[in-house]
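These notes are about the structure you will find just below.
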Amino acid sequence: MRSVHNALDQLLLPAECLLCRALLSFRDCHRVVCDVCRHRWRPVRAPWCGRCAQPEPLFGRCRLCADWPAALVRARTAVWLDAGARDAVHALKYGGLPRIAADLASAMVSLDLPGREAAWLVPVPLGPGRLRERGYNQSERLARALSRRWNRPVVELLVRTRDTVTQTALTPEARLANVAGAFALRIGDCGLRSDGGKFKSTIRNPQSAIERPLVLVDDVLTTGATLAEAARALERAGARTVLAVTFGRAVVPDFT
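At the far end of the sequence shown sits residue 343, using this note's numbering, and the numbering has no gaps.
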């Protein structure tokens with residue numbers, strides 16, 4: 088009966104693409120981004136640094152991930168942060184449209200991430216002030232959407248110990264300073280989420296989760312400062328293998 092109601096709703100109130108406002112077809116009624124907008128997202132492809140997927144440096148080793156913690160062994164991103172992808176991220180972060188996370192996650196599903204089959208997904212946490220302001224954590228919504236596609240649980244292992252200023256306008260050096268020491272392992276119970284987002288079980292000892300591979304999930308990678316600092320907190324707690332995935336990647340020409 089619910090499917091009949093959904094079909095009637097789609098016929099009477101056809102959905103629009105959240106980015107271009109084009110009407111979505113009945114076939115795509117479960118999406119919020121149309122095929123045209125999705126096809127404009129430009130995939131990140133090799134050649135790249137094998138660790139961080141930054142375009143290969145002209146000379147010498149990659150500088151972007153040179154100072155990353157040893158536990159952060161690989162980071163992969165789905166698309167370049169061009170205009171269309173940037174609009175999608177803004178809709179998720181600032182537009183109050185968390186349901187767009189499923190469309191962003193669909194672009195991340197096929198990322199090359201060996202070991203994720205046994206991993207748990209760890210969303211990068213927001214600070215308390217930012218979480219109150221936004222009402223949700225966009226990284227957690229992305230992690231949930233990926234959880235449904237990868238059939239892997241989401242565990243909120245990290246907390247943000249303080250609010251940090253937005254990284255957008257900061258230099259690479261300022262980004263590092265901004266997030267330094269901003270993450271810590273959650274003390275006490277951790278919720279292990281099922282693919283529906285509800286608490287499936289509770290981890291009494293977060294330390295036990297550290298023993299398995301972990302995948303950090305965030306919306307955008309620029310210099311990698313946030314992911315590296317989050318991985319550093321997991322490494323301090325004993326994690327040996329941390330992977331990372333993001334939807335968008337901003338160009339950092341100073342590091343090529």
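Glycine included, each C-beta is placed from N, C-alpha and C at the ideal position.
Quick caveat, the model's predicted, so the values are computed rather than measured.
For a test of the three-state rule: what should DSSP assign to Pro240, helix, strand or coil? Residue numbering aside, residue 240 sits at position 153 when the sequence shown is read from its first letter. In this structure, Pro240 counts as coil in the three-state DSSP scheme.
Checking 8 Å against the spacing of the C-beta atoms, do Ala320 and Leu272 come in under that value? Working through the sequence shown from its first residue, we reach residue 320 at position 233. Working through the sequence shown from its first residue, we reach residue 272 at position 185. Contact flag set, yes.
First and last residue of the uninterrupted alpha helix (DSSP H) at Gly202: Taking the first residue of the sequence shown as position 1, residue 202 is located at position 115. That residue, Gly202, is in no alpha helix (DSSP H); it is neither H nor E in DSSP.
Please report the distance separating the alpha-carbon of Ala206 from that of Arg239. Indexing the sequence shown from 1 puts residue 206 at position 119. Indexing the sequence shown from 1 puts residue 239 at position 152. Straight-line Cα distance between these residues: approximately 7 Å.
From this set, Ala337, Leu233, Cys104 and Ala315, which residue's C-alpha is nearest Ala157's C-alpha? Along the sequence shown, one-based indexing puts residue 157 at 70. Closest by C-alpha distance to Ala157, out of Ala337, Leu233, Cys104 and Ala315, is Ala315.
Could you give the DSSP three-state label for Val176: helix, strand or coil? To locate residue 176, count along the sequence shown from 1; it is residue 89. Residue state, collapsed to three classes: helix.
Pick helix, strand or coil for Glu143, following the three-state DSSP scheme. Counting from 1 along the sequence shown, the entry for residue 143 is found at position 56. Note: Glu143 maps to coil in three-state DSSP.
If we count the other Cβ atoms within 10 Å of its Cβ and call it buried at 16 or more, is Arg262 buried or exposed? The residue you call residue 262 lines up with position 175 of the sequence shown. When all chains shown are included, Arg262 counts as buried.
According to DSSP, simplified to helix, strand and coil, what is Ala326? Walking along the sequence shown from the start, residue 326 turns up at place 239. Correct three-state label for Ala326: coil.
Kindly indicate which three-state DSSP category Leu105 falls into: helix, strand or coil? Mapped onto the sequence shown, residue 105 falls at position 18. Looking at Leu105 - three-state DSSP - the assignment turns out to be coil, as it is neither helix nor strand.
Can you find the residues in the same chain that come closer than 6 Å, C-beta to C-beta, to Ala189, ignoring five residues on each side of it along the sequence? One-based indexing of the sequence shown puts residue 189 at position 102. Closer than 6 Å at the Cβ level, and outside the excluded window around Ala189, lie Ala232.
Taking the alpha helix (DSSP H) that Arg129 belongs to, which residues open and close that run? Along the sequence shown, one-based indexing puts residue 129 at 42. Unbroken run through Arg129: none, as it is neither H nor E.
Looking at the strands, I want to know which residues DSSP matches up with Thr253. The count along the sequence shown starts at 1 and reaches residue 253 at position 166. Answer by DSSP bridge pairing: none, since Thr253 is not bridged.
Which residue comes first and which comes last in the alpha helix (DSSP H) that contains Ala217? In the sequence shown, the residue the question calls residue 217 occupies position 130. The sequence given here places Arg at residue 217; Ala does not occur at that position. Annotation: the continuous alpha helix (DSSP H) that includes Arg217 extends over Pro215 to Arg221.
Write down the C-beta distance between Val176 and Val307 rounded to the nearest angstrom, noting that I regard them as a contact closer than 8 Å. Position 89 of the sequence shown holds residue 176. Position 220 of the sequence shown holds residue 307. About 6 Å; that satisfies the 8 Å criterion.
Rounded to the nearest angstrom, what separates Gly214 and Tyr223 at their Cα positions? Locating residue 214 in the sequence shown gives position 127, counting from the first residue. Locating residue 223 in the sequence shown gives position 136, counting from the first residue. In a straight line, the C-alpha of Gly214 is about 11 Å away from that of Tyr223.
On the DSSP bridge list, what partners appear for Arg161? Position 74 of the sequence shown, counted from the first residue, corresponds to residue 161. As computed with DSSP, Arg161 is found in a beta bridge with Leu330.
Would you call the CB atoms of Phe334 and Ala194 closer than 8 Å? The residue labelled residue 334 in the question sits at position 247 within the sequence shown. The residue labelled residue 194 in the question sits at position 107 within the sequence shown. Yes, the pair counts as a contact, with Cβ atoms nearer than the cut-off.
Assuming contact is defined by CB atoms lying nearer than 8 Å, are Val241 and Pro210 in contact in what I supplied? In the sequence shown, the residue the question calls residue 241 occupies position 154. In the sequence shown, the residue the question calls residue 210 occupies position 123. Cβ atoms of Val241 and Pro210: closer than 8 Å.
Cβ neighbours of Ala337 in the same chain (closer than 6 Å, five flanking residues each side left out): Walking along the sequence shown from the start, residue 337 turns up at place 250. Only Leu168 and Thr309 meet the Cβ criterion.
Exposed or buried, which one is Ala331 when buried takes at least 16 other CB atoms within 10 Å? Against the sequence shown, residue 331 aligns to sequence position 244. By the 10 Å Cβ count, Ala331 comes out buried.
Selection from Arg219, Val329, Glu243 and Glu220 that minimises the alpha carbon distance to Ala230: Indexing the sequence shown from 1 puts residue 230 at position 143. Considering only alpha carbons, the answer is Glu243.
Along the chain, where does the beta strand (DSSP E) that runs through Asp305 open and close? Counting from one through the sequence shown, the residue named residue 305 turns up at place 218. Element bounds for Asp305: Leu301 to Leu308.
Starting from Gly335, follow its DSSP beta bridges and name the residues at the other end. Indexing the sequence shown from 1 puts residue 335 at position 248. Val166 and Val307, per the DSSP bridge assignment.
Where Leu200 and Leu111 are concerned, what is the direct C-alpha to C-alpha distance, given to the nearest angstrom? As a working mapping, residue 200 is identified with position 113 in the sequence shown. As a working mapping, residue 111 is identified with position 24 in the sequence shown. Distance between the alpha carbons of Leu200 and Leu111: 32 Å.
Can you tell me whether Ser197 is buried or exposed, with buried defined as 16 or more other CB within 10 angstroms of its CB? Mapped onto the sequence shown, residue 197 falls at position 110. Burial call: exposed.
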